[in-house]
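Heads up, the thing below is written out as structure tokens.
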Amino acid sequence: MKISNRLWDEWLTGEIPDPVSAESELAGLVSSMGVRAAADEKVLLSCGRFWTFRRVRRLWPKCPICEGLPLGEQLCLGRGQVALALPTEGYRAILAVQDRPEFLRWAWMRGVFGVCGGLYAPKSGYYCLMRLAQPVLAGRVMDSLAAAGIKASSRVKGGRTELILRDLDGIIQLCHNLKLPQTVQVLQNRGLVRFLRDQANRQANCDEANIRRSVAAARRQVELARFFLDQEIDLPEALSQVLRLRLSYPAASLGELGTLLDPQMSKSTIKYRWHRLQQLAEERGFSPLEEA
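If you read the sequence shown in full-length UniProt numbering, its first letter stands for residue 1, the second for the next number, and so on.
Encoded structure:
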């Protein structure tokens, strides 16, 4: 299955943990769609992605602000566009969620991504693209990414703001924040395989046993990093930095990881930090998978 198809399957069927999350995500979806006035005090929300309306229908009954409001009918506008007739009262109430104190930024981002985002895997690597029609919306998305330490470049093309993420570490963090754990795992696995394959091609004369040992060690460390991400455990920055580097450079040696830090660290320092991470993980119940 293509990674983009897997991502959208997971996005569509994702858990809706509570009403605040549901309303925040719905606000992200609605604020990102095209909108125009219709008859009978309704607005038409339009989007070229049919699955976004399926997600709206899943969220609607979970949102207290939508109680008693009819969702309306789904309409086909042609040219790949689908629209949803929504009561104006409900539309305004949904947008107002963005100004509430309990508003959840990353649930909102999940909705925006469903309308405007995409994940692509060409031969040379992965990248994530978000195309946003409204400058204000683009600014809010950029602020959310920056607050999470995720770097993105931007450009204006065809009257829209395009935000592009090319760093695998940033893409993984984005998917993690969007509550897409299966996509995160696929990205980490494929990134590791791709990196190791490229390295093997560059080092064709390297001893096969050394490669197997390097792969096994890298896999164990990636597994350890996933454990901390899944458990959302707060770590000192020195240890978090090592985890992020391992996920971004899954096949690098400990010495190579040290050279990527600023300031650079020795192999022994990196080795000590991994030993400390192993101890912390085992104290929290981490048990690495046995090698086949």
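Don't be surprised by glycine CBs; every beta carbon is placed ideally from N, CA and C.
If you're wondering where the values come from, they're calculated on a predicted model, not measured in any experiment.
In terms of residue numbering, what span does the alpha helix (DSSP H) encompassing residue i cover?
{"i": "residue 116", "result": "105 to 116"}
{"i": "residue 267", "result": "267 to 283"}
{"i": "residue 175", "result": "168 to 177"}
{"i": "residue 4", "result": "3 to 13"}
{"i": "residue 102", "result": "Here residue 102 belongs to no alpha helix (DSSP H), and DSSP marks it neither H nor E."}
{"i": "residue 71", "result": "Taken as a continuous stretch (DSSP letters only), residue 71 belongs to no alpha helix (DSSP H), as it is neither H nor E."}
{"i": "residue 232", "result": "Counting along the chain, residue 232 falls outside any alpha helix (DSSP H), and DSSP gives it neither H nor E."}
List the DSSP bridge partners of residue i.
{"i": "residue 294", "result": "Outside the shown range of the chain (1 to 292) lies residue 294, about which nothing can therefore be said."}
{"i": "residue 36", "result": "44"}
{"i": "residue 155", "result": "162"}
{"i": "residue 184", "result": "Partner(s): none; residue 184 has no beta bridge."}
{"i": "residue 142", "result": "Residue 142 pairs with nothing; no bridge assigned."}
{"i": "residue 26", "result": "For residue 26, which the question treats as bridged, DSSP gives no partner whatsoever."}
{"i": "residue 87", "result": "42"}
What did DSSP end up calling residue i once you bin it into helix, strand or coil?
{"i": "residue 46", "result": "strand"}
{"i": "residue 148", "result": "coil"}
{"i": "residue 120", "result": "strand"}
{"i": "residue 247", "result": "helix"}
{"i": "residue 64", "result": "helix"}
{"i": "residue 290", "result": "Because the pLDDT of residue 290 is 48, which lies under 50, any placement of that residue in the model is unreliable, and the question is left without a value."}
{"i": "residue 96", "result": "helix"}
{"i": "residue 19", "result": "helix"}
{"i": "residue 217", "result": "helix"}
{"i": "residue 261", "result": "coil"}
{"i": "residue 238", "result": "helix"}
{"i": "residue 225", "result": "helix"}
{"i": "residue 31", "result": "helix"}
If I measure Cβ to Cβ from residue i and keep anything under 7 angstroms in the same chain, skipping five residues before and after, which residues do I get?
{"i": "residue 161", "result": "132, 135, 138 and 154"}
{"i": "residue 174", "result": "128, 150 and 165"}
{"i": "residue 19", "result": "62, 63 and 64"}
{"i": "residue 247", "result": "169, 172, 188, 222 and 225"}
{"i": "residue 269", "result": "258"}
{"i": "residue 8", "result": "51"}
{"i": "residue 255", "result": "267"}
Report yes if the CB atom of residue i is closer than 8 angstroms to the CB atom of residue j, and no otherwise.
{"i": "residue 86", "j": "residue 45", "result": "yes"}
{"i": "residue 278", "j": "residue 261", "result": "no"}
{"i": "residue 23", "j": "residue 88", "result": "no"}
{"i": "residue 6", "j": "residue 184", "result": "no"}
{"i": "residue 55", "j": "residue 12", "result": "yes"}
{"i": "residue 180", "j": "residue 10", "result": "yes"}
{"i": "residue 163", "j": "residue 141", "result": "yes"}
{"i": "residue 239", "j": "residue 284", "result": "no"}
{"i": "residue 178", "j": "residue 108", "result": "no"}
{"i": "residue 152", "j": "residue 3", "result": "no"}
Since residue i is in the beta strand (DSSP E), which residue starts that stretch and which ends it?
{"i": "residue 128", "result": "127 to 132"}
So, at 8 angstroms on beta carbons, what are the nonlocal neighbours of residue i in its own chain, with the 5 sequence-adjacent residues on each side left out?
{"i": "residue 281", "result": "224, 227 and 228"}
{"i": "residue 199", "result": "251"}
{"i": "residue 35", "result": "43, 44, 45, 46 and 91"}
What does a CB cutoff of less than 6 angstroms around residue i pick up in its chain, not counting 5 residues either side in sequence?
{"i": "residue 286", "result": "227"}
{"i": "residue 111", "result": "25, 28 and 29"}
{"i": "residue 117", "result": "130"}
{"i": "residue 32", "result": "112, 115 and 116"}
Give a yes or no on whether 8 angstroms exceeds the smallest Cβ distance from residue i to chain C.
{"i": "residue 112", "result": "Within the model displayed, chain C is absent; a lone protein chain is all it includes."}
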